[in-house]
Every structure is written in structure tokens, then in C-alpha cells.
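Enquirer: What follows is a single structure, and I will ask about it in a moment.
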Amino acid sequence: MDSKLLPRIGVIGTGAIAEALVIGMIDHSRCSGPIRVSIRNEQRSSRLADRFENVVVDPSNQSIIDQTDIIIFAVLPDQAVALLNELTFRDDQTLINLVAGFSVSELRKIVSPLSRVHRLIPLPPVEFGLGPLPMFPPCEDLANLFSGCGKVIQVEDETDFTGFAAVSGLMATHHRLTATVTQWVASRGVNADNAAAYTSHMFHALTYLESTASGADLQRLARKCVTQGGINELALDQLEELQWFDQVVERLDTIADRLEKIVETGNP
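See the structure below:
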């Protein structure tokens, strides 16, 4: 593709998620156009510039805005408004917001005359081209840009983002479950690396099956694994008796309530 046709991308805020997204865009979405990254986290910015020839570290946020077409905004929530108010945007630009707690309509008011504002929720595995990428409002060009980073979910209703964001609060719980099962296997004398390999790859394989299932089929997968009197029935029935899954739902409700309050008050 002609380099003049490639979008010029700017990244303001270079935390772990922004770094993972840039890596995913280049390694998996084959994004070869120029990418300017801010120096807010000098170690991460320098690491990206050292790794990729099309990444440049720019110490000025306004310079990034002036020289790019698509801006990925990924600072901490309590810094977002003050930083945006310092910047001047063009009406031909696109802002992709990764910061929680800000609606598209709110951001449009702050970044005017820029009007093309989108929300995106990338997770750390985008670095490897994996994971969900909810995006609002839908946009085919942006979906194509991020298609190699994971599963782009084009969202019609912005309120859906609360549910998606709440579910991302289970990442640590998932890792803890995997680690707990691994430790149990190792406690029986199994080599620790073998225990980790078996557990993590089992969950990875099951997750792959889930990723190919419809919403209705997903609800039936658990029972498909169960045979009467079998070990899966033993584990599932006991966890259901302990209301373990109900507790997960209750915790998700709590997370969603917190996220909705952030949107209402503007305070993280």
C-alpha cells in the first residue's frame, strides 16, 4: 500500500494496555504506517521505538496530534479531562478512547471540532492477537485496522460497554483459578512446569471451544461435559451447591454498579 494512504497513528499514554495494542497492531494487524507514541512512560515508549522502525517517541502531545490522523487515548481516568483540554484537534481526525468512564458524547464536547470518537476495550492479550475488542460506534475501517489484534465486536448500544468492562474484572480471578489448580496438581508430586502446562493448555483448549460456540450453545457446554456419576458432575454439582456461580454474578453486579457510578460522577 502507498505510504501516503496509510493512517498516521498517535498514542497518548503508554501504559501496559497501550503498549500491548501497539504491538498487536504491528505484529498481527500488519500496521506499517507511522505511529507516534507519547513519552508518558519513557521505558515503554523507548521499548516500542527500539523494537519497531515505524514507531517514534514524541515528547509533545500536541505534536502527536498535529502529525496523526487516528489518536489512541490511553491515560489514567483522573488525568483525561485536564489533558484533553490542553490539546487542539482537527475535524478530520479520529479519537479512539481506551479510558473508562467517559461516553462518546462527553468526549465529543471536549475534543471538538473532532467528532469521530470511538470507544475500545482492549485486554493485554491483544499483544498476541487474542481477546475481545468491543468498539462503539461501529466502524468498518477501524474494525479492519484492529482485526488482527483479536475479535472485534462492533457494538450498537454504548451501554453494553458496562457489561464488557465488568467482565474484564475477572481476569485476575481467572489467573488465580489456573494457579490454584496448578498448585494442587504440583502438590501431588507432579513437576511444577508439567502441572502448569497441563492446566493452562486445558483451559486454553476449553476456551477455544467456547469461542466457537453461539450464545445458546455456550450455556449447554457445561452439561455436555457431564456424565452421570462422573468426575465433572461431582465438581460442578458441588460448586453449584456452594452457590459459587451465583457469587460470581453478584460480584459482576458490584463491579457494574461501580462502573456506572464512575460514568455518572466522573470520579474513578
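Heads up: the sequence shown begins at 2 in our numbering, then just goes up one per residue. Beta carbons: idealized from backbone N, C-alpha and C, even for Gly. Just so we're clear, the structure is a prediction, and the values are computed from it rather than from any experiment.
Do you know offhand how far Pro138's Cα is from Met203's?
Expert: The straight-line gap from Cα to Cα measures roughly 35 Å.
Enquirer: Considering only residues of the stretch 114 to 165, which uninterrupted beta strand (DSSP E) runs meet the minimum length of 3 residues and lie entirely inside it, listed in chain order?
Expert: Counting only runs of 3 or more, we get 117 to 121, 133 to 137 and 152 to 155.
Enquirer: Using a Cβ-Cβ distance under 9 Å, would Thr208 count as near chain C?
Expert: Any reference to chain C falls outside this structure, which holds one protein chain only.
Enquirer: My guess is that Val12 and Ala21 are in contact by the Cβ rule of under 8 Å, so how many angstroms apart are they, rounded?
Expert: About 11 Å separates the two Cβ atoms, so there is no contact after all.
Enquirer: Output the distance between the C-alpha atoms of Asp161 and Gln44, rounded to the nearest integer angstrom.
Expert: If I take the Cα positions, the gap works out to 34 Å.
Enquirer: Would you mind reading off the limits of the alpha helix (DSSP H) that contains Phe246?
Expert: Trp245 to Thr266 is the extent of the alpha helix (DSSP H) around Phe246.
Enquirer: Do Gln94 and Met117 have their beta-carbon atoms positioned less than 9 Å apart in this structure?
Expert: Just to set this straight, residue 117 is Arg in the shown sequence, not Met. The answer is yes: Cβ separation under 9 Å.
Enquirer: Tell me where the alpha helix (DSSP H) around Asn195 begins and ends.
Expert: Taken as a continuous stretch (DSSP letters only), the alpha helix (DSSP H) holding Asn195 covers Ala193 to Ser212.
Enquirer: Could you work out which residue in Ile65, Asn98, Asn86 and Val153 is closest to Val76 when comparing CA atoms only?
Expert: Comparing Cα-Cα distances from Val76 to each of Ile65, Asn98, Asn86 and Val153, the minimum goes to Asn98.
Enquirer: Could you give the residue range of the alpha helix (DSSP H) that holds Ile27?
Expert: Ala17 to Asp28 is the extent of the alpha helix (DSSP H) around Ile27.
Enquirer: Closer than 6 Å by C-beta to Pro35: which residues in its own chain qualify, once you throw out the five before and the five after it? Chain order, please.
Expert: Arg9 and Asn55.
Enquirer: Between Leu108 and Leu121, how many whole angstroms is the CB-CB distance? I'm expecting something under 8 Å.
Expert: Wrong, their Cβ atoms sit about 12 Å apart, outside the cutoff.
Enquirer: Rounded to whole angstroms, what is the Cα-Cα separation between Val249 and Ser212?
Expert: Roughly 20 Å between the two C-alpha positions.
Enquirer: Should the stretch 26 to 34 be called in touch with the stretch 149 to 169, which here means at least 3 C-beta pairs below 8 Å?
Expert: Yes, the stretch 26 to 34 touches the stretch 149 to 169.
Enquirer: Would you kindly work out how many angstroms separate the C-alpha atoms of Gln184 and Ile40, rounded to a whole number?
Expert: So the two alpha carbons sit approximately 40 Å from each other.
Enquirer: From this set, Glu261, Trp245 and Ala101, which residue's C-alpha is nearest His119's C-alpha?
Expert: Here the closest residue by C-alpha is Ala101.
Enquirer: Which one of Leu253, Leu88 and Gln68 has the shortest CA to CA distance from Gly164?
Expert: Answer by Cα proximity: Leu253.
Enquirer: Within the same chain, show all residues whose beta-carbon is closer than 7 Å to that of Leu49, passing over the 5 residues directly before and after it, in chain order.
Expert: Same-chain partners within the cutoff: Glu20, Val23, Val38 and Val56.
Enquirer: The beta strand (DSSP E) that contains Leu96, what's its start and end?
Expert: It spans Thr95 to Asn98 - the beta strand (DSSP E) in which Leu96 sits, taken as one unbroken run.
Enquirer: Along the chain, where does the beta strand (DSSP E) containing Val12 start, and where does it finish?
Expert: Element bounds for Val12: Ile10 to Ile13.
Enquirer: Give me, in chain order, the residues of the same chain whose beta-carbon lies closer than 7 Å to that of Thr15; leave out the 5 immediate sequence neighbours on both sides.
Expert: Hits under 7 Å: Val38, Ser39, Arg41, Asn42, Arg45 and Ser46.
Enquirer: Rounded to a whole number of angstroms, what is the C-alpha to C-alpha distance between Thr208 and Thr228?
Expert: Rounded to whole angstroms, Thr208 to Thr228 spans 20 Å at the Cα level.
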